[in-house]
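Down below is the structure, laid out as structure tokens.
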Amino acid sequence: MRAAATIREQWEADGFVLMPRLFDAARTRELRAVCDDVLAAWLKESSVTFDAANSTNMAFLTEPRYFNERPAALRVLLDAITNEKILDALADILGGEPLFHNTQYFFNPATETRAGDWHRDQQFEAPDEETERARMHSCVGVHVHIALAPDDNLEVVPGTHRRWDTPEERRIRKGLDGRAKNSDAMPGARRLALAAGDAAVFSAWGIHRGRYDAPTTRRTFDIVYGDQPCAWNTPPPTCFLQPGLPDQLDERPRRFFRSFVEAYRDRWARGEGVSW
Ligand SMILES: O=C(O)CCC(=O)C(=O)O
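Pasting the structure below:
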């Protein structure tokens, strides 16, 4: 009988790894309550001209304004971001301790059901395809989706984290020759099904997309990590410049968030790193 593939082997082959039952029911409920409160606050503050409720996600849940007088709620998020099983899996994949990048919360749109566009994250704001390709090899970007309600909306094309597009993948991803960028005919696409409490670790550089089904509740907390500071995108500091915050954490989380601050401190001082 063949031994089960290690996390590293699964990652190298497919660019994604499933972590079933990462969180038990109580921790899943607790994390969802915190994320839902942040989502409600974000929806409330969103301008009337921007239909936030029909978006598919919001970012930067660790912004301090969501946690005024609620340090315990922020701690729930920080504990999830520094969950030992996640950090160990990422250390295995990346060959060293991961670096924090940011967080997102995916939710079902209020009324507008749609399929998302196929993409590689490194394509955003890249001036040309050569830059997209170069970015892919300059560092590693990893998403960790933690489902807080059942979620089968993420689709990935296994193996595309370690190679460039085939001609047909490129036609779809770029919307060329009559292909739709959100075509259902992406060759080799695999839809990942998560129960509440399950996680999916997947490459930000591989081809992937989401589906957004208005009537079906979706609540998925997404944490983005990397192996080194991202050269073309500076995440905002959110809560991590608050004096004293790291001192309240255990050693590994403290080191983890300190590395984040050290990685981006100079850029923040120069005014880089947007915050909304
Ligand atoms: O899960 C999703 O809806 C898609 C995630 C995604 O495309 C991303 O975070 O880059």
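Residue numbers (our numbering): 15 to 290.
Glycine included, every Cβ here is placed at the ideal spot set by N, Cα and C.
Sorting D106, R84 and Y239 by C-alpha distance to the C-alpha of C253 places R84 at the top. Assigned with DSSP and collapsed to three states, F138 falls in coil, not helix or strand. At least one heavy atom of ligand 1 lies closer than 8 Å to the C-beta of H222. Boundaries of the alpha helix (DSSP H) harbouring S273: E265 to A283, taken from the DSSP string. Scanning its chain for C-beta atoms nearer than 8 Å, with the 5 sequence neighbours on each side dropped, one finds around D179 the residues R187 and I221, in chain order.
DSSP lists R205 and R223 as the bridge partner or partners of E169. I107 and D280 have their C-alpha atoms some 28 Å from each other. In the DSSP assignment, A129 is bridged to R225.
For H133, the closest alpha carbon among the candidates Q24, F30, E169 and D50 is that of E169.
Where M150 is concerned, the enclosing alpha helix (DSSP H) starts and stops at E143 to S152. Distance from the CA atom of L113 to the CA atom of R193, rounded to whole angstroms, is 36 Å. Residue pairing by DSSP puts G240 in a beta bridge opposite L113 and G155. In this structure, N71 has its CB closer than 8 Å to one or more heavy atoms of ligand 1. The C-alpha of L91 is placed about 12 Å away from the C-alpha of Y80.
Out of R43, W25, V31 and E26, the CA that lies nearest to the CA of A213 is found in V31. If you look at L108, you'll find it in the alpha helix (DSSP H) that goes E98 to L108.
When beta bridges are read from the DSSP output, A161 appears opposite T234. By DSSP's assignment, N71 forms a beta bridge with F120. Cβ-Cβ distances below 6 Å link D165 to L208, R232 and T234 in the same chain, with the five nearest sequence neighbours on each side left out; the list follows chain order. Annotation for S152: A245 place their beta carbon closer than 7 Å to its own, counting only its chain and skipping 5 residues before and after.
In the three-state scheme derived from DSSP, where H, G and I count as helix and E and B as strand, F37 is classed as coil.
In terms of Cβ geometry, M33 and V215 form a close pair [threshold 9 Å].
Remark: three or more beta-carbon pairs, one from each stretch, lie closer than 8 Å, so the stretch 256-274 and the stretch 113-127 are flagged as touching. Assigned with DSSP and collapsed to three states, L190 falls in coil, not helix or strand. Residue side-chain check: N247 keeps its Cβ at 8 Å or more from all non-hydrogen atoms of ligand 1.
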